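Numbered per the working numbering, the sequence shown spans residues 84 to 402. Even for Gly, the Cβ is constructed at its ideal location relative to N, Cα and C. This structure is a prediction, so every number in the text was calculated from the model and none was measured.
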Amino acid sequence: MTYVIIHALAPIFVIMLLGFYAGKAKMVDNKNVSLLNIFVMDFALPAALFSATVQTPWSGIVQQSPLIVVLVLGMWITYAAIYFICTKVFKKTPQDAAVLTLTVALPNYAALGLPILGSVLGESSSTSLSVAVAIACGSVLMTPFCLLILEREKARESGAIQGSTLTMLPVLMWRSVKKPIVWGPLLGVVLSAIGIHMPEMVLASIKPLGLSATASALFLTGVILSARKLQINTCVVLSSVTKLLIQPFIAWGIVLAMGLHGDVAVTAILMIALSAGFFGIVFGNRFGVQSPDAEATLLISSVLCIITLPLFIALTAGI
């Protein structure tokens, strides 16, 4: 099992390392990656998320509702707790806290979900559906929180909008929803819900973009990391422990409270137990927000999940 996890993690580290090398060697300007970020955030990732959601049958999504509840609650509880601690205890700015919080709360479903789940439960249409649902939950029900905070602080700094968050909410929601990274997967869910099937030619046309999404996002993350120095502090340690241990046990508690068992319970816990994802760092870079703690948490959780994932795989074997 450890080999399977290392095998799944290898592409992540290799692609990030290539991006890191490109930045350090000045092959890519690691101080200004706006063009690469636009490609990732406005084209590649939206295309991948749209393809994943629009091809997920609505009946399958409904059947996966217990999984959705566990994943969403596990992410939301973690997001609220970490954001509160970051802003109140560690006195981080809302932007920095939002980026770090999304990094911790949103697991790396896209890169690790299918390899890990397939190795434990077997590769099947049901496993693929579970991963697709997890990706949809993260993109539709998690990323808007981070975007709202980033948009709010950007608007306040520019003086474009004044007032409380509540009064700003309609404008902020519109600014977030109109971004491709949000409306792409949301449109896919809506089309799936009303039973509209995309023509094969359309899906084939955007498939190359979707296939490049994870690789380009990881490469971009590596480039961003090349401009920073790895810093390990109390916040990073707490974030890493929360991601790798506390959040999976939160999910486990929700599973027990709902009385779930079998493959659904195992899937919910293992998906939450995956290492931190790259969304937060990429989002932050788009808004000019640097979060060294988020970057350190991403690296540490990606390495240490080699230890924690086998632990949760063993613990969930008897569920």
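Original post:
Taking Cβ positions, are M354 and G196 nearer each other than 8 Å?
Top reply: As a first step, residue 354 must be located in the sequence shown, where it is residue number 271. As a first step, residue 196 must be located in the sequence shown, where it is residue number 113. Yes, these two residues count as a Cβ contact at 8 Å.
Subject >> Whole-number beta carbon distance between I352 and T80, since they are thought to touch under 8 Å >> reply: It is not possible to answer for residue 80, since the shown part of the chain is limited to 84 through 402.
Original post:
Can you tell which of I121, G371, T391 has its C-alpha closest to the C-alpha of L233?
Top reply: One-based indexing of the sequence shown puts residue 233 at position 150. Out of I121, G371, T391, G371 has the C-alpha closest to the C-alpha of L233.
**OP:** Return the residue from the list I402, L398, V386 that minimises the CA-CA distance to I89.
**Re:** Taking the first residue of the sequence shown as position 1, residue 89 is located at position 6. Ranking I402, L398, V386 by Cα distance to I89 puts V386 first.
**OP:** Between the Cα of K237 and those of S259, V272, M225, spot the shortest distance and give me the residue it belongs to.
**Re:** If you number the sequence shown from 1, residue 237 lands on position 154. Considering only alpha carbons, the answer is S259.
**OP:** For F167, count neighbouring Cβ atoms within 10 angstroms of its own Cβ and tell me buried if that reaches 16, exposed if not.
**Re:** Against the sequence shown, residue 167 aligns to sequence position 84. Counting every other CB atom within 10 Å of its CB across the protein chains shown gives F167 a total below 16, marking it as exposed.
Original post:
Which same chain residues, not among the five before or five after G271, have their C-beta less than 6 Å away from its C-beta?
Top reply: Stepping through the sequence shown from its first residue, residue 271 is reached at position 188. Beyond the five residues adjoining it in sequence on each side, G271 comes within less than 6 Å, by CB distance, of F133, T136, V137 in the same chain, given in chain order.
**OP:** Find the nearest neighbour of K107 within the set I390, C318, R311, V254, judged by alpha-carbon distance.
**Re:** On the sequence shown, residue 107 is found 24 positions in, with the first residue counted as 1. Here the closest residue by C-alpha is R311.
**OP:** Tell me whether A296 sits in a helix, a strand or coil according to DSSP, three-state version.
**Re:** Counted from its first residue, the sequence shown places residue 296 at position 213. Secondary structure of A296 (DSSP, three-state): helix.
Subject >> CA nearest to the CA of F231, picked from K326, L328, W257 >> reply: Your numbering for residue 231 matches position 148 in the sequence shown. Looking at the sequence provided, one finds Leu at residue 231 rather than Phe. The option with the nearest alpha carbon to L231 is W257.
Original post:
Near P331, which residues of its chain fall below 7 Å by C-beta distance, leaving aside the five closest residues on each side in sequence?
Top reply: Here residue 331 refers to the residue found at position 248 of the sequence shown. So the qualifying residues of the chain are I352, I355, A356, F395.
Original post:
Going by DSSP, what residues sit across from I164 in a beta bridge?
Top reply: For the purposes of this step, residue 164 is taken as the residue at position 81 of the sequence shown. According to the sequence displayed, residue 164 carries Ala and not Ile. DSSP lists no beta-bridge partner residue for A164.
Original post:
With 16 as the cutoff for other CB atoms within 10 Å, does T325 come out buried or exposed?
Top reply: Position 242 of the sequence shown, counting from 1, holds the residue named residue 325. Buried.
**OP:** Measure from the alpha carbon of P165 to the alpha carbon of each residue in A181, G401, L150, then state which is nearest.
**Re:** As a working mapping, residue 165 is identified with position 82 in the sequence shown. It is Ile, not Pro, that sits at residue 165 in the sequence shown. Residue A181 is the option with its Cα nearest to I165.
Subject >> Spatial neighbours of L224 in its chain, beta-carbon cut-off 6 Å, leaving aside the 5 residues before and after >> reply: Against the sequence shown, residue 224 aligns to sequence position 141. Scanning its chain for C-beta atoms nearer than 6 Å, with the 5 sequence neighbours on each side dropped, one finds around L224 the residues V155, in chain order.
Subject >> Three-state class that DSSP yields for A359 in the structure shown >> reply: If you number the sequence shown from 1, residue 359 lands on position 276. It is a strand residue.
Subject >> Assigned secondary structure, P375 (DSSP; H/G/I helix, E/B strand, else coil) >> reply: Against the sequence shown, residue 375 aligns to sequence position 292. Note: P375 maps to helix in three-state DSSP.
Original post:
To the nearest angstrom, how far is it from the Cα of L339 to the Cα of V349?
Top reply: The sequence position of residue 339 within the sequence shown is 256, counting from 1. The sequence position of residue 349 within the sequence shown is 266, counting from 1. Taking the Cα positions, L339 is about 11 Å away from V349.
Original post:
In terms of residue numbering, what span does the alpha helix (DSSP H) encompassing F332 cover?
Top reply: Taking the first residue of the sequence shown as 1, we reach residue 332 at position 249. Per DSSP, F332 belongs to the alpha helix (DSSP H) from 330 to 341.
**OP:** Taking 8 Å as the cut-off, decide whether the C-beta atoms of A377 and I364 are in contact.
**Re:** Stepping through the sequence shown from its first residue, residue 377 is reached at position 294. Stepping through the sequence shown from its first residue, residue 364 is reached at position 281. Cβ atoms of A377 and I364: closer than 8 Å.
**OP:** Go to I143, then tell me how far its alpha helix (DSSP H) extends in each direction, as first and last residue.
**Re:** Along the sequence shown, read from residue 1 onward, the residue named residue 143 stands at position 60. According to the sequence displayed, residue 143 carries Gly and not Ile. Taken as a continuous stretch (DSSP letters only), the alpha helix (DSSP H) holding G143 covers 141 to 146.
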